[in-house]
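Residue numbers (this note's numbering), protein chains in the order written: chain A, 1 to 114; chain B, 1001 to 1111.
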C-alpha cells in the first residue's frame, strides 16, 4: 500500500490554458474524492466517485471543471480556460466505502495561474 | 447546511504545555467527527475520529470527545512536543462521502 498519489505536485500555467491533474487512489479503494484548498482555509469538497460513477458535484465545480475515473481506478481532474481564481491546492482522497467514512489524502497538486 | 468552526490560530506553545483547540459544528443529522493533521510538507492525515455522541477518539496522545449537547469536538493533548507542530483541521461527515472542514489551526511548539 503506497498511499494516494497525485501528479504533478506543482503546476504553473498561464491564464486561459487547460490543465489536467491525476490521482491514483489506494488500490481497491472504490471511492475517490476531489477537494480544493485555498490558502488559510480548510479543504472544500468538489466531487466524488463510487467506482467509475461520478455521484456528486459541488456547485464549486463550474462548467470549466471536469473529472473522470475510467475503469474505477485512477482519476483525472481537468480545468479548462484557467483563471487566476483557480489557483489553489487540489487534493485527492480515497476510501473503502465502508463506515465511518475515513478518507486517505494524497499530497495534493498546487496550481498557480499567472 | 453543515459547517465547522474551529479556534483561530496561530497557536504557539512551549514543549510540555497543554494544548486545546476548540471545534464546534452545525449539522442536520448525526455526523461523524474527525481531526485531521497536516505536518509541514506532508498531506492531510487522519488523527482521530468519533462516530457517535460521547465517543472519545484518541491517537498519539491527542483526545477529543463528541459532545452532542454542545455540538463540540475539542482537541486536547496534555504535553505537546516540537513534533506536534502542524496545522490541525476539524471535520465532519453526515453522509457517506462528503467531509466538511474547518479553516484549520496552526500550532507551533517551541523547544
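Glycine included, C-beta positions come from ideal geometry on N, C-alpha and C.
Taking Cβ positions only, does residue 42(A) come closer than 7 angstroms to chain B? By this cut-off, residue 42(A) is an interface position.
Does the beta carbon of residue 106(A) sit closer than 7 angstroms to a beta carbon anywhere in chain B? yes
Of all Cβ atoms in chain B, is any one closer than 7 angstroms to the Cβ of residue 102(A)? yes
I need the straight-line Cα distance from residue 1081(B) to residue 76(A), nearest angstrom please. 39 angstroms
In whole angstroms, give me the CA-to-CA distance for residue 1024(B) and residue 1004(B). 6 angstroms
Could you work out which residues of chain B lie near residue 77(A), taking near to mean beta carbons separated by less than 7 angstroms? Ordered by position in chain B, no residue passes the 7 angstroms Cβ test against residue 77(A), which lies about 16 angstroms from the chain.
Tell me the DSSP secondary structure of residue 86(A) in three-state form. Residue 86(A): helix per DSSP, three-state reduction.
Are the C-beta of residue 1104(B) and some C-beta of chain A separated by less than 7 angstroms? Chain A, which has a Cβ nearer than 7 angstroms to the Cβ of residue 1104(B), makes this yes.
Would you call the CB atoms of residue 18(A) and residue 80(A) closer than 7 angstroms? yes
I want to verify the contact list: residues of chain B whose CB lies under 9 angstroms from the CB of residue 91(A), in sequence order. 1043 and 1044
Chain B contact for residue 45(A) (CB, 7 angstroms cutoff): yes
Kindly indicate which three-state DSSP category residue 7(A) falls into: helix, strand or coil? strand
Which residues DSSP lists as bridging residue 1088(B), in chain order: 1037(B) and 1105(B)
Have a look at residue 1020(B) and residue 1029(B) and give me their C-alpha separation to the nearest angstrom. Just so you know, the alpha carbons of residue 1020(B) and residue 1029(B) end up roughly 26 angstroms apart.
8 angstroms contact criterion, which residue 30(A) and residue 72(A) should meet: CB distance rounded: 7 angstroms
The beta strand (DSSP E) spanning residue 30(A) covers which residue range? Run containing residue 30(A): none; DSSP gives neither H nor E here.
Mapping the DSSP letters down to three states, classify residue 1083(B) as helix, strand or coil. Note: residue 1083(B) maps to helix in three-state DSSP.
If we cut at 7 angstroms on Cβ distances, does residue 1073(B) have a partner in chain A? With 7 angstroms as the cut-off, residue 1073(B) does not count as an interface residue toward chain A.
Rounded Cβ spacing between residue 1064(B) and residue 1075(B) (contact assumed at less than 8 angstroms): 5 angstroms
Residue 1059(B), enclosing beta strand (DSSP E) - first and last residue: 1056 to 1059
Could you list which residues in chain A have their beta carbon closer than 7 angstroms to that of residue 1099(B), in chain order? Residues of chain A passing the Cβ test: 45 and 103.
Cβ separation of residue 1022(B) and residue 1006(B), assumed to be a contact under 8 angstroms, to the nearest whole Å: Residue 1022(B) to residue 1006(B), Cβ: 6 angstroms. Contact.
Tell me the DSSP secondary structure of residue 71(A) in three-state form. helix
Three or more C-beta pairs under 8 angstroms: does that hold for the segment 105 to 113 of chain A against the segment 7 to 21 of chain A? Yes, the segment 105 to 113 of chain A touches the segment 7 to 21 of chain A.
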